[in-house]
Each structure stands twice: as C-alpha cells, then as structure tokens.
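*Asks:*
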Amino acid sequence: MIKGCAALVWTPDAVRVLTSCSEFDLRLAIDRRDRFGLRLWSDYAGLLYVRVIDERRPLWISADKGATFKAIPLIPAEEKPVSAYNCKLHPASGIISALGCDRVWIYDGVSGQWGSRELPPDMHVKDVSIDAKQGFWYAGSVHSQRIPGEKTEAAMRYQPAPGAPFQPRSPRLSYADAVKVIKEGGLTELRTVDAEGEPVIATSLCAWLLEDSSSFIFVFDSDRTFASRLKDELISHVDRSSNLLRIFTYQGSVWERNGSRWEQRDSLVGPIKRSLKVSKQTVLVRGLDVRQGKIAAAVEVGPPGAIDVAPDPELTAVCFSTDNGKSFELAHQEMSRSGAEIQDVVWIGQE
Amino acid sequence: MTQRILIALQEAKRKPVPLGRAKPRSPRSNRVQAHPIAQLQAVLGNRRVAQLIQAKRISAEGKISRSRRKLTSDSSSDKSERRTDHVLRRISAAPNSGAVISRFPNAVTFGTYEPGLAIIPPIVKEGYDGSAHTAIKTNWGWSSWERRWRVYDGEDNLLYDSYYTYPHSTLELSKEIIAKGKAGGNDKPWSVWHEVTETEIPFGGDNPDNFPYAYMKFKVFETWNDFMADPDAKPPAGKQSEKPGQEPGKTSPVQSPTAKNAGSVVDYVSVVAMHEAYLRQIYDKAASGITATAQEMIGKGVPQTDVAKWANEARNVLKVKIRTDGNPILEKVFESRNLAKYGNKVGPTYEQLVAKYAKQGLSPEEIDAQIIKGASKANLAVNKWSGRLRVAGKITLFIDIAFAGVRVYLAPEGERTKVALEEVARIGGALAGGAAGTEAGVAVGAAVGAAFGGVGAVPGAIVGGILGGLGGAFLGGWAGRSAVDSIYDLLPPSDCVFEGSYQEETR
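Chains E and C, in that order, give the protein sequences.
Take any residue in the first sequence, note its place counting from 1, add 1, and you have its number in this note's numbering.
Take any residue in the second sequence, note its place counting from 1, add 202, and you have its number in this note's numbering.
Below, the structure written as structure tokens:
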C-alpha cells in the first residue's frame, strides 16, 4: 500500500486492514453476503475505524494507524439489536452513531461511553449527521399523501442540542424542482445526510429503484433547497476537502456543483482501467476517499457488461491518484481466486 | 341469332330514322384537329365527359364551367354558351330511344330471372377510354348460374362472345371490343346480348326455349363531332354528383390510396400503443397486489428476506405474463434488454438484485424493502408515457376514423355504402394484418437473424416484427378494401342505370 492510505480486505475467515507499514487481521468470519457492508473510516485525528457486520462488536478502532485494533464497547441493549449497517463514524467530530428504533446511540471516543438522543417522533429516520456546532440533522421521511402513489415524503429535522425541540428543515424546493423530483421519484424519502460542512447535503434514491437506479442530491442552502438527479448512478462519496463541493458515484463519475446545478466533470473509470490495463471489463467503485487532489479508490473489475448481473469480480484493487483523478496508479490488487476482496480504502488523517 | 335479327328488324320498323346526322370525318382529319371534347375526354374519360354534358357544364369548345347557373341561364350572352345551351336543350328534349328490349321464354320464369340490363351510354370511339359497361340487375335468380355475353356492331358483326360463370354480372366494353366494330351512330346501333345458358331445375331444364336472354342497343359514334351533331344523341342519366366545392375529376387528398394506406399503418400502431398502455395499467394493479400480499406476509411474521424473494419471483412471473399478452416486438425488446442486463429473459433474480445494490452501498434490509416496495412501485414517468400513449392512440385512431367518415361523405352518391364498408374492412384488415404481420415478422426475423449468429436472433426478431407489423397493417388494410371491392364487383357498378320497365315479347 502507498503511504498514508489504508485498505480493507475481506477474506472468508478474517477482515484485514492493510497500510503501507502494517497488515492487521481481525479474526472475524463475516458472511460472504455481508462483505459489502464492511467499511473503513478515518477521523480528523487520524484514528482508523472498521465497521464489520457483527451484532456484538460492529466497530473497531485503531489509534496506531492500523497496526492494532480494539473493539469499542457494546451498544446498550435495545428490544431489537441495532443493525451494524446503521453504525457510522462522523469524521469531523470523531463521534460514532448507531441508529436504533426510537433513539440514536452516540459513542464518544474521549469518554469511551455510549449516550443517546431520542429520534424525532413524527418521522422515520434513515440517517443522522452532526454539524460543526454539534447539532444533529436527521434525514428520512414522514407520512404524507401529497405525492401521488406514495405514503411518505422526504423530511429533515434539526436538533441543535440534546433535548432541544426538533426544527423542521425539510427540503424547500422551488415549484419546478418539486414537480420534477416528484415525477422522477426522488422525493419519497431522504436516505443520507451530510452536515459535516456547509451546505448540508442529503441524498435519496429513486422510488422505483429496481426500474431506475438513479439517485438525487439535495443541497440545503439558507433559503431554499436545490435538487438534482444523477441518472443511473448511486452516490458513493461527498467530498468537501477542496474548495469545490464534489460528488463521487459508484459508477466512477465525478459531479461538481455549479451554482444551483450539478455538472458531471470526469469519469474515473477510464484512468482506473488504464492503470489496471483492462479495457472491456466493467469497473465499479466499492469505496473511495478524497483529500483535495488525492483520490484513493477501491474498485472491482468484472466481466464486460455485467454490472446488473453482479457476478463475482475478476479482481479487486486499490488505485490512487495524485492529480485529481486524471491518472491512477495501482497500489494493491487481489485476484478473486485468492478468496480475498478489497472492500474499502481511506486516507489516514486529514493530510 | 335469327330471332335476334327479327326482333331488331321489328324495332327498326317501329322507330323512324333520325334526321340531321353529320357525315363522319376521316380518321386523318380527326387526328389533326381533335375535337375539344375529345381532348377533354382523353383527360377526364368517356363517362366523365358525358356526365359534364348532362350537367350542362361543358361548352362546345370543351370548356368546363364551374357555375351551373350560368350555363342554364337565359341571359347568357356568350355565343358559345348559347350554342352549348342549344345543344344541351336539344339533347335533353330528345325522346327516349327505348333501346332496351328484353325477352322471356315464358311467364313462369319471370319471377326467377328478373330481366334488364343497365343502359350503356353513347360511346364515341375517338379517344374511347374503355369505361362503358353494362350489367344485369342485382336480383337475378340464383338458379341462373352460367350466362353468355355477346356484342354485335351495327352491321351484325360479332365483336365479343364470352361465357361468364355465376356470379359475375358485369360486362366491361373494353377499348378492344369497341375498336373492332364499325360505328353506326344513331342509324345502326350496336347491341349487347345476355343469355342464361345454364340453369337449375325448375328454371330452364332441358328445353332450350326456357333459357331467357335479353339484349340492349347502344349507340357508337366515330367522333365527337358526329356525336354532337346527332339530334338524338342522348347523354346518359348519370347518378354521380360532385360534392359542393369539389373539382370535377379530382379526388380529395384523404381519398388517395396513400392516405388510406398510411391510415391503416397508423391504426395498427395506435391500437398497439393503446393496448400496451392498458397492459401497463394491468401490470401496475397486479404489482400493487403483490406488494399488499407481501406486507401481509411481513405482518404475519414471515422474514423480510423470504418475503422479498417471493415478491421478486411473483413480479417476474407477472412481467412474463404481461409481455406475453403484449406486442411481440416489445416482448422481444424486453427480453433482449433482460438478456443483456441479467443473462435471462425474465429479469433479475433475488440474488442478482442483492449483489447489485449491496455493492452500491445499500444494506440487505434496504434492498429487501426496495424489492417489496418495488413490486408495486409505479414508475410515474413510465405511467405518464403510458397515459400519453393511450391518449395518442385514441386520438390518432379517432382521426383516421374521422377521415374514413370524410371519405364516405365525399364518395359518390351510389358508392357510400361501398366506401363505408371499405373503410371498415380496411381498419379491421389493418389491425388483423398488423398483428399477424408482427407475429410472422418476429418469427422470420428471428430465424434470419439467428442464421447470422445467435445474437442476431433478437435484433432480427425486432426488425422483422416492425417490418412485419407495418407491412401487415398496410397489406391488411389493402386486402380489406380489396375484399369489399371484389364483393362489389359481383354487383352492378353503382353508376348503372336500369330501365324501369321492360317490354315482354313472345317468340
């Protein structure tokens, strides 16, 4: 691996974290169908976090840049165990959150304790994000009959402090945007929210995802919300590290915000293919991290034209770019016949 | 034949020889100085020119007037108009020549074989277009199933002799027939003979006297000058009348074969569009039922993953059913799409869906929920297009039906029923032909495409289906019209004018 970068590798009997100077195996047998749920994060302080799909110990933390990991304490018991998929790191604050049924659990690495906040009672929360003022943004949906054929509509709530009233911050779209997004199926439910910087960004999926794998970006400016559709692409990463606000997709596209609109700039697929010396095969981004002009991508290379069939890949690899995605270099690869697959990659720390 | 001559002689005795007959011109002078009406005849045809004369809308110089009032007005000052008016008044004042004589073997057959031939208008050999015809009455006896037609010129030369087998009832007087004989003008009319030669019991039997026949005289002039000079020249009493504002001899664009054929194709495409739109509605409703059932299953504690698997399977079965009921071309399009995307014709399996979306960050719970929800999730954009298709299909079909109504309205007086039936048959034929053509095109296209390699089968089927569908609609519409035409050909032409009374004679 290259310096300053960490990769997460799944094998049938272990989860491996690779860095430039170490290789650490978490001896956890993660089911094959759950391997895509593995995630690797790095916070502002350079701590590494691994999420595994394990009800008892879903989160592991490394304070020595991946040389060793230890499990964080168990999430306090609820009636129904919190799904590992609902656990995530908030990199700017170093806080871990786990969405339960009616409350969000918060783990503070400094105190080493779990705390909780109640979720907005009138909405179904799909994601939570913490802003720079420690305010909590909740994205999801509320019951509504306003969208034809739907029982919900997208909603957002903001809670500036624990116990404070929830403030409605649902999308305020122009009439034209609302009509367009409703027609395209993007206003049924917000799926993710990112309030780590300004402006707050939320995403949603097309309501008929099986027929139309498109996603939507909602940018919450002070007075109104702007919505855009990414046709046939699902959002993988929101990048705020540079002056530009950028969106990266699993399909390898890069979108930049230009005023109220998003414009597709480049595709990482071509340069990645060149670095891997493949041409006809399909490339899908599994995980991606960006630090200004540096891009690290965990990708899978599959048979030609087989994205929708989703077969096992021929290989998985970590590629990195130091010129903003114009060219990539191969850092590490795993052939599928070895039984190992690279799932995610991060830059360690802020630099 | 002797009997025929005797009858003709008797008639000749009864009728005085007309006066004022013009001398025939030599063929050479006719060619050099073609009569203006002959020139018109070359453009409009024999019957049309005769009809214009009857309508007093043609001058002796061959000018067609748009205003009928002007020609009939007594205040007409133009010399040529006065002459035309004179000629036409003289023509209209001419007594009925009483050319039709029919003959019957006995009164017993009268109810079985209703006699009478359609009047043949005067024929001018100069530039004759072969449009004259005669026909027996429509309610002739079913038992008279074989008949013989003969045509004689004024000097009793047999010009035409042919047998027709039931049920053909019309005799076309072709250019060849008319060219063979010698024009006799008013003095020596030609005659057409119709004889029933084969009948069934009790009509006819073995006695040849029981076979009825009828004949009719008609006049043939060598040139238009001869025709115009003959004081007894009588234009036919044509039924056909133009619609107000319609140019004589011209048809409306909606009556053109191109418009009709295009209409047939549009009809088929419209119905396909409407059908697909309705199928989409059915699909949406059925898919909603799948989701409702899935929700019930979850409510009863069935694991979400199992419910999602069932919902996906049910949705795929529904898709197959709907596609089978839909247009074969679209079926091939969807199958082709699924083959390319998922490696099978039906659609993605549960495992494929999970792998596809898990790689793109969705949790298994989210994927299961999407599958369950997606089973009934109406794609608003698709539904909107479905609605548009339905409306567009209705509109285009309505437009073509409206055009069909216009064609019926513009049809000549006696042909409206025929045109209406033609239009019904054309639309029905287009729909049936389009469907059959699509099926056949898909099969043939797939076979041809497969010959160029397996992957060629689907595009071959699609291309073949489109061509087959459009071609089938085209041919189906044409066949429908032709079928009605053929049936109507068995009946006398609409512009046949039958005598109202017949003279019965005994041998």
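Where is the CB? At the ideal position from N, CA and C, for every residue including glycine.
All values reported here derive from a predicted model rather than from experimental measurement.
Just to make sure I have the definition right: I need the residues of chain E whose C-beta is within less than 8 Å of the C-beta of C:I573. Which are they?
*Replies:* For this step, residue 573 of chain C is matched to residue 371 along the second sequence. Per Cβ cutoff of 8 Å: L211.
*Asks:* Go through the stretch 195-248 of chain E residue by residue and report every complete run of the beta strand (DSSP E) that reaches 3 residues or more, in order.
*Replies:* Scanning the stretch 195-248 of chain E from its first residue to its last, the whole beta strand (DSSP E) runs of 3-plus residues come out as 201-206, 216-221, 226-231 and 236-240.
*Asks:* Among C:T507, C:T493, C:V326 and C:N514, which one has its Cα closest to the Cα of C:K421?
*Replies:* Working through the second sequence from its first residue, we reach residue 421 of chain C at position 219. Measuring from the Cα of C:K421, the nearest candidate turns out to be C:V326.
*Asks:* Determine, using beta carbons only, whether C:R539 and C:R628 come nearer to each other than 8 Å.
*Replies:* In the second sequence, the residue the question calls residue 539 of chain C occupies position 337. In the second sequence, the residue the question calls residue 628 of chain C occupies position 426. Not closer than 8 Å, so no.
*Asks:* Just mark C:L360 as buried or exposed, buried being the case when its beta carbon has 16 or more other beta carbons within 10 Å.
*Replies:* Mapped onto the second sequence, residue 360 of chain C falls at position 158. Under this definition C:L360 is an exposed residue.
*Asks:* Kindly confirm or deny that the stretch 181-196 of chain E and the stretch 150-160 of chain E touch, where touching means at least three C-beta pairs closer than 8 Å.
*Replies:* yes
*Asks:* Give a yes or no on whether the C-beta atoms belonging to E:R292 and E:W348 are separated by under 8 Å.
*Replies:* Taking the first residue of the first sequence as 1, we reach residue 292 of chain E at position 291. Taking the first residue of the first sequence as 1, we reach residue 348 of chain E at position 347. Yes, these two residues count as a Cβ contact at 8 Å.
*Asks:* What does DSSP give as the partner residues of E:T345 in its beta bridges?
*Replies:* Start at 1 with the first residue of the first sequence, and residue 345 of chain E comes out as number 344. The question names Thr, but residue 345 of chain E is Asp in the sequence shown. According to DSSP, which records beta bridges pairwise, E:D345 is partnered with E:L9.
*Asks:* The alpha helix (DSSP H) that contains C:D527, what's its start and end?
*Replies:* Position 325 of the second sequence, counted from the start, is the residue given in the question as residue 527 of chain C. First-last of the alpha helix (DSSP H) with C:D527: Q506 to D527.
*Asks:* Just to confirm the assignment, what range does the alpha helix (DSSP H) spanning C:N463 have?
*Replies:* Locating residue 463 of chain C in the second sequence gives position 261, where the first residue counts as 1. Segment P459 to G501, the alpha helix (DSSP H) holding C:N463.
*Asks:* What does DSSP give as the partner residue(s) for E:M336 in the beta ladder?
*Replies:* Numbered from 1 along the first sequence, position 335 holds the residue referred to as residue 336 of chain E. Paired residues: E:L316.
*Asks:* If we ignore side chains and look at the alpha-carbon of each, how far apart do C:V593 and E:F227 end up?
*Replies:* Sequence index remark: in the second sequence, residue 593 of chain C carries index 391 (1-based). Sequence index remark: in the first sequence, residue 227 of chain E carries index 226 (1-based). Between C:V593 and E:F227, the C-alpha separation is close to 33 Å.
*Asks:* Nearest chain E C-beta to C:P446 closer than 8 Å, yes or no?
*Replies:* For the purposes of this step, residue 446 of chain C is taken as residue 244 along the second sequence, with counting starting at 1. Note that C:P446 scores a pLDDT of 46, beneath 50, so its modelled location is shaky; the value from the coordinates is reported in the next line. So, not an interface residue.
*Asks:* I need the boundaries of the beta strand (DSSP E) containing E:V53, first residue and last residue.
*Replies:* Taking the first sequence and counting its residues from 1, one reaches residue 53 of chain E at position 52. Here E:V53 belongs to no beta strand (DSSP E), and DSSP marks it neither H nor E.
*Asks:* Assign E:D345 to buried or exposed, taking buried as 16 or more other Cβ atoms, counted over all protein chains shown, within 10 Å of its Cβ.
*Replies:* Here residue 345 of chain E corresponds to residue number 344 of the first sequence, with the count starting at 1. Buried is the call here.
*Asks:* Would the beta-carbon of E:S205 fall within 8 Å of that of E:S216?
*Replies:* Here residue 205 of chain E refers to the residue found at position 204 when the first sequence is read from its first residue. Here residue 216 of chain E refers to the residue found at position 215 when the first sequence is read from its first residue. Their beta carbons are under 8 Å apart, which means E:S205 touches E:S216 by this criterion.
*Asks:* Look at the alpha carbon of C:K281 and the alpha carbon of C:F423, and state the distance between them as a whole number of angstroms.
*Replies:* Here residue 281 of chain C is taken as the residue at index 79 of the second sequence, counted from 1. Here residue 423 of chain C is taken as the residue at index 221 of the second sequence, counted from 1. Because C:K281 carries a pLDDT of 42, less than 50, the predicted location of this residue cannot be relied on, and no value is offered for it.
*Asks:* Show which residues of chain E have a CB atom less than 8 Å away from the CB atom of C:L672.
*Replies:* For the purposes of this step, residue 672 of chain C is identified with residue 470 of the second sequence, where counting begins at 1. Per Cβ cutoff of 8 Å: no residues; C:L672 is ~29 Å from chain E at best.
*Asks:* Alpha carbon to alpha carbon, how far is C:G667 from C:A649? Give it in angstroms, no decimals.
*Replies:* Reading the second sequence from its first residue, position 447 is the one you call residue 649 of chain C. Reading the second sequence from its first residue, position 465 is the one you call residue 667 of chain C. C-alpha separation (whole angstroms): 12 Å.
*Asks:* Determine, using beta carbons only, whether C:S466 comes closer than 8 Å to chain E.
*Replies:* Taking the second sequence and counting its residues from 1, one reaches residue 466 of chain C at position 264. So, not an interface residue.
*Asks:* Given C:K384, which residues of its chain have a CB within under 7 Å of its CB, disregarding the five upstream and five downstream residues?
*Replies:* For the purposes of this step, residue 384 of chain C is identified with residue 182 of the second sequence, where counting begins at 1. The residues are D355, G356 and E357.
*Asks:* Span of the beta strand (DSSP E) holding E:V126?
*Replies:* Position 125 of the first sequence holds residue 126 of chain E. Element bounds for E:V126: H125 to I131.
*Asks:* Run through chain C and tell me which residues come within less than 9 Å of E:S237, C-beta to C-beta.
*Replies:* Taking the first residue of the first sequence as 1, we reach residue 237 of chain E at position 236. Within chain C, the residues near E:S237 are Q562 and G563.
*Asks:* Going by C-alpha distance, which of E:K232, E:G5, E:A196 and E:Q252 is nearest E:R241?
*Replies:* Position 240 of the first sequence holds residue 241 of chain E. Checked all of E:K232, E:G5, E:A196 and E:Q252; the closest Cα to E:R241 is E:A196.
*Asks:* Return the chain-ordered list of same chain residues with a C-beta closer than 6 Å to the C-beta of E:H238, the five sequence neighbours on each side being excluded.
*Replies:* In the first sequence, residue 238 of chain E corresponds to position 237, counting from 1. Hits under 6 Å: F249 and L289.
*Asks:* Give the interface partners of E:D285 over in chain C, defined as CB-CB distance under 9 Å, in chain order.
*Replies:* Here residue 285 of chain E is taken as the residue at index 284 of the first sequence, counted from 1. The amino acid at residue 285 of chain E is misidentified as Asp; the sequence shows Leu. Chain C residues near E:L285: K561 and Q562.
*Asks:* Hey, could you find the ends of the alpha helix (DSSP H) C:F429 is sitting in?
*Replies:* Sequence index remark: in the second sequence, residue 429 of chain C carries index 227 (1-based). Per DSSP, C:F429 belongs to the alpha helix (DSSP H) from W426 to A431.
*Asks:* What are the uninterrupted segments assigned as alpha helix (DSSP H) that are 4 or more residues long and contained completely in the stretch 110-197 of chain E, given in chain order?
*Replies:* 176-184
*Asks:* Which of the three DSSP states is assigned to C:P455 in this structure?
*Replies:* If you number the second sequence from 1, residue 455 of chain C lands on position 253. Residue state, collapsed to three classes: helix.
*Asks:* Please report the distance separating the alpha-carbon of C:I574 from that of E:T317.
*Replies:* Taking the second sequence and counting its residues from 1, the one referred to as residue 574 of chain C is at position 372. Taking the first sequence and counting its residues from 1, the one referred to as residue 317 of chain E is at position 316. C-alpha separation (whole angstroms): 31 Å.
*Asks:* Using CA coordinates, which residue listed in E:E212, E:D313, E:V53 and E:V129 is at the minimum distance from E:K234?
*Replies:* In the first sequence, residue 234 of chain E corresponds to position 233, counting from 1. The residue you asked about is not Lys; residue 234 of chain E is Glu in the sequence shown. With distances taken between Cα atoms, E:E234 lies closest to E:E212.
*Asks:* Measuring straight from C-alpha to C-alpha, what distance separates E:R225 and E:E119?
*Replies:* In the first sequence, counting from the first residue as 1, residue 225 of chain E sits at position 224. In the first sequence, counting from the first residue as 1, residue 119 of chain E sits at position 118. Distance between the alpha carbons of E:R225 and E:E119: 27 Å.
*Asks:* Kindly indicate which three-state DSSP category C:N388 falls into: helix, strand or coil?
*Replies:* Counting from 1 along the second sequence, the entry for residue 388 of chain C is found at position 186. In this structure, C:N388 counts as strand in the three-state DSSP scheme.
*Asks:* Find the nearest neighbour of E:G150 within the set C:E625, C:K487 and C:I524, judged by alpha-carbon distance.
*Replies:* Indexing the first sequence from 1 puts residue 150 of chain E at position 149. Of C:E625, C:K487 and C:I524, the residue nearest in Cα terms is C:K487.
*Asks:* Measuring alpha carbon to alpha carbon, tell me which of E:T323, E:K274, E:V53 and E:I202 ends up nearest E:W263.
*Replies:* Here residue 263 of chain E corresponds to residue number 262 of the first sequence, with the count starting at 1. That would be E:I202, whose Cα lies nearest to the Cα of E:W263.
*Asks:* Out of C:A479, C:E625 and C:A675, which one is the CA nearest neighbour of C:G595?
*Replies:* Taking the first residue of the second sequence as position 1, residue 595 of chain C is located at position 393. Checked all of C:A479, C:E625 and C:A675; the closest Cα to C:G595 is C:A479.
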